Structure formats: structure tokens, C-alpha cells
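Using the working numbering, you'd call the opening residue of the sequence shown number 1 and step up by one each time.
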Amino acid sequence: VGLYVIESPEESIGRLFWLEGTQIYKTKFRATSKLVLDLTLPKSTKPYVIVPSTFDPNDEHPFAVTINSNHDVTAHVLSVQNDWLDEKLLGEWKGPSAGGCKNHPSFLNNPQYLVQLTKKTTIKILLLQTKNDNFDSISFYIIKTNGTSKLNGITDDEIVAKGKFGDPTECKLSIELNAGKYVIIPTTFDPAKEAQFELYICSRGVPVKVLTLK
């Protein structure tokens with residue numbers, strides 16, 4: 001078993017979707033029935049999240065966490081009631097759909113996904129490609145649209161944001177978007193780079209409608 005203590009990236013209290021906060025401390029994993037952790041946490045306006053964990057998934061067992069402090073501490077189990085809601089989409093860059101980034105004329109041949117928001121919402125987007133560590137770098141673009149059809153042309157002004165190229169296995173971004181329609185285009189940097197991918201589009205407490213554009 002092991003223990004993580006993570007500073008939340010947000011001042012609001014909620015479960016973490018990914019480790020984007022500052023990881024303050026991580027114990028070594030040990031085969032033991034009891035872990036004792038003594039540490040001093042800096043003052044922060046953001047809450048700290050304690051994550052007890054087994055080393056391997058699906059290793060089920062009850063546990064208890066006790067917190068002792070020389071200052072007042074409020075702690076509670078984070079509820080899933082206002083948890084992140086996620087849409088998981090499986091896609092593939094293959095043949096014509098391996099279009100490469102916006103530098104290439106074939107960019108809009110990449111898979112496209114329509115996201116419809118009914119109000120201003122913070123969403124988190126996570127793109128994963130886990131089959132090939134020596135793959136091309138991956139990213140995605142977020143493009144504002146008024147329609148519900150696959151894009152066949154865009155302007156620079158319509159690009160709201162894009163992920164950072166550089167990692168061949170993952171790209172992630174947290175962004176607040178106004179109500180409206182957006183197209184998310186996952187892409188490799190160069191064209192003709194074929195692989196399967198997973199795309200997660202997540203919001204907290206607000207369902208996000210996602211359609212695959214054909």
C-alpha cells in the first residue's frame with residue numbers, strides 16, 4: 001500500500017481527475033498493514049487531497065485513515081455526487097484520417113468530435129495513445145463552430161485552443177468554454193502516422209454532449 005498527498009489545482013473541493021496539482025508527498029509502497037506519514041504542509045488556499053492506494057488495481061480491501069495535527073483540520077471523503085463526468089471516445093488515425101497537424105492540408109481529415117455546451121463550463125480533455133512509446137507527438141485542437149457537420153475549412157480566429165505537442169502518449173488541457181458548439185480534432189504532428197487513441201472529454205457536474213462527426 002502507499003499514500004499520495006496532492007495539492008488540488010482548484011480552490012473548490014472535488015475529486016481529482018488527473019495529477020495536475022503539485023504532488024507534495026508520496027510514500028514508498030510497502031507490503032504492510034499500517035503506514036505512518038509525518039509531514040508539514042505549506043499554507044494554501046487550495047485543499048489537499050489524500051489518496052490511499054494499492055500498488056496494483058483491483059486489489060480490494062477495507063482501510064482507515066487517521067489524521068493528527070497541531071492545528072484545526074477539516075477532512076471528509078470526497079463525494080462522487082459532483083464528480084467529473086467523462087465521455088470516452090475510441091478513435092484511430094489510419095489511412096486518410098492520419099492527417100497530421102494544422103500545418104498540413106490534410107489536417108481536417110483527422111477524426112472530428114462535436115461538443116455542445118449549454119452554459120459556461122470548465123472541461124478537461126485527455127488524449128491518450130498507449131500502444132507505441134516511439135510514436136509521433138500527439139495533440140488536439142478546439143475549434144468554435146456554429147454548425148453540426150464535419151469541418152471542411154477553418155480560420156485561425158476559430159481556433160479556441162490547442163494542446164501542446166511533444167509527448168507521443170498523452171496530451172491534456174483544462175479550459176473554461178462559453179456555451180456553444182466546438183469541434184475537437186485529435187491529431188499527430190506529422191501526417192501518415194497511424195495509431196489508435198482514446199479521447200476523454202470531462203466536465204464537473206454538467207453533462208457534455210459529444211458526437212462523432214462523419
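Positions of the beta carbon are idealized from the N, C-alpha and C atoms, including for glycine. Just so it is clear, the structure is predicted and the values come from calculations on it, not from any experiment.
Buried or exposed for residue 98, going by 16 or more other Cβ atoms inside 10 Å? A residue is called buried once 16 or more other Cβ atoms fall within 10 Å of its Cβ, and residue 98 is buried on that count.
Between 154, 14 and 206, which lies nearest to residue 120 when the distance is taken from Cα to Cα? Among 154, 14 and 206, the Cα nearest to that of residue 120 belongs to 206.
With a Cβ-Cβ cutoff of 8 Å, do residue 208 and residue 85 count as a contact? Yes, these two residues count as a Cβ contact at 8 Å.
What does residue 96 pair with, by DSSP beta-bridge criteria? Residue 96 pairs with nothing; no bridge assigned.
Rounded C-alpha distance that separates residue 92 from residue 212: If I take the Cα positions, the gap works out to 12 Å.
Given this structure, state the Cα-to-Cα distance separating residue 61 from residue 157, to the nearest angstrom. The alpha-carbon atoms of residue 61 and residue 157 are separated by roughly 52 Å.
Using DSSP with H/G/I as helix, E/B as strand and the rest coil, what is residue 10? DSSP, read as helix, strand or coil, puts residue 10 in coil.
Rounded to a whole number of angstroms, what is the C-alpha to C-alpha distance between residue 199 and residue 45? Here the alpha carbons of residue 45 and residue 199 stand approximately 32 Å from one another.
Going by beta-carbon coordinates alone, are residue 136 and residue 193 separated by less than 8 Å? It is a contact, given that the beta carbons lie within the stated cut-off.
What did DSSP end up calling residue 60 once you bin it into helix, strand or coil? The three-state reading of DSSP puts residue 60 in coil, since its state is none of H, G, I, E or B.
Quick check: what's the CA-CA separation for residue 151 versus residue 88? Rounded to the nearest angstrom, the two C-alpha atoms are 21 Å apart.
Backbone secondary structure at residue 89 - three-state DSSP: If DSSP states are grouped into helix, strand and coil, residue 89 belongs with the strands.
Between residue 16 and residue 49, is the Cβ-Cβ spacing less than 8 Å? With contacts defined by Cβ atoms closer than 8 Å, residue 16 and residue 49 form a contacting pair.
For residue 194, which three-state DSSP category applies? Under the three-state reduction of DSSP output, residue 194 falls in the coil class, being neither helix nor strand.
I'd like the list of long-range same chain contacts for residue 53, defined as Cβ closer than 6 Å, with 5 residues on each side in sequence excluded. Shown here for residue 53: same chain residues with a beta carbon closer than 6 Å to its own, the five before and five after excluded, namely 2 in chain order.
Less than 8 Å between the CB atoms is what I'm expecting for residue 169 and residue 130, so what's the real figure, rounded? Right, the Cβ-Cβ distance comes to about 6 Å (below 8 Å), so this counts as a contact.
Three-state class that DSSP yields for residue 107 in the structure shown: Note: residue 107 maps to helix in three-state DSSP.
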